[in-house]
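S.K.: Residue numbers (full-length UniProt numbering): 1 to 225. The beta carbon of each residue, even a glycine, is placed where N, CA and C say it ideally should be. Only a predicted model underlies this, so the values are computations on that prediction, with no experimental measurement involved.
This is how it looks when you write it as structure tokens:
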């Protein structure tokens, strides 16, 4: 996608202005709506028909999970609208809820990473083009915590397999992982097959199910059935 229209939902004025300024610097990006709460967001999407929604997780009226609820609702009402959720939280429950109906056109980025050069725009472009984006920092934190707390499973993975697991959970394709690691795509396939065998997960070429399976494992502490 060479150009895309964006709606921003964030209740903090300065953060909202910062997000708008960062997106506006991207060639082909147009911010067509800015709002500060769930109801206003849904109305804005209906009116503007954007390509992407960039939203905080917690907004008025309840300051709980409005961003996740918006993503879920839009999956049914506006399936072509991508949603990038911005969060201060590493809680995998939010991630699981976000991708419950598929990870395509969905993204999760920590607010602390917004200022990193190109990070926000890269995430927006990824979901706008139909892909998924899960902040690698979130994934690595979950993987590391799981490895520390689990006496089995993840501790059986080699360092390279753990790195590959983080990339898989972040929605990267085999080719993208191979490029990042400077290895062949066949080598990545072997890493992934080994990971799924060790974790008791069925290998699957579908990115949505691969991401969901890994995150479900990290969240539940046992392989999904």
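Going by DSSP, what residues sit across from residue 55 in a beta bridge?
M.R.: According to DSSP, which records beta bridges pairwise, residue 55 is partnered with 9, 85.
S.K.: Would you list the one or two residues that DSSP bridges to residue 109?
M.R.: Note: residue 109 sits in a beta bridge opposite 86.
S.K.: In whole angstroms, what separates the C-alpha of residue 17 from that of residue 35?
M.R.: About 11 Å.
S.K.: Quick check: what's the CA-CA separation for residue 167 versus residue 183?
M.R.: Using only the alpha carbons, I get a separation of about 14 Å.
S.K.: Leaving out five residues on either side along the sequence, give the residues of the same chain with a beta carbon under 8 Å from the beta carbon of residue 87.
M.R.: If we look at residue 87 and ignore the five residues flanking it on each side, its Cβ neighbours are 56, 57, 67, 94, 108, 109, 110, 111.
S.K.: Report all residues from its chain with a CB closer than 7 Å to the CB of residue 31; omit the five preceding and five following residues, and keep chain order.
M.R.: Excluding residues within five positions, the ones whose Cβ falls inside 7 Å are 6, 8, 20, 23, 24.
S.K.: Whole angstroms are fine: how far does the CA of residue 80 sit from the CA of residue 287?
M.R.: Because the chain spans 1 through 225 in this model, residue 287 falls outside it and cannot be assessed.
S.K.: Considering only DSSP beta bridges, list what residue 35 is partnered with.
M.R.: DSSP output for residue 35 lists 9 as bridge partner(s).
S.K.: So residue 33 packs on residue 50, CB below 8 Å; how close in whole Å?
M.R.: The pair is a contact, with the Cβ atoms about 7 Å apart (cut-off 8 Å).
S.K.: Straight-line CA distance for residue 37 to residue 72?
M.R.: If you take the alpha carbons of residue 37 and residue 72, they lie about 16 Å apart.
S.K.: Among 53, 131, 156, which residue has its Cα nearest to the Cα of residue 176?
M.R.: Comparing Cα positions, the closest option is 131.
S.K.: Tell me residue 4's beta-bridge partners as DSSP assigns them.
M.R.: Its beta-bridge partners are 29.
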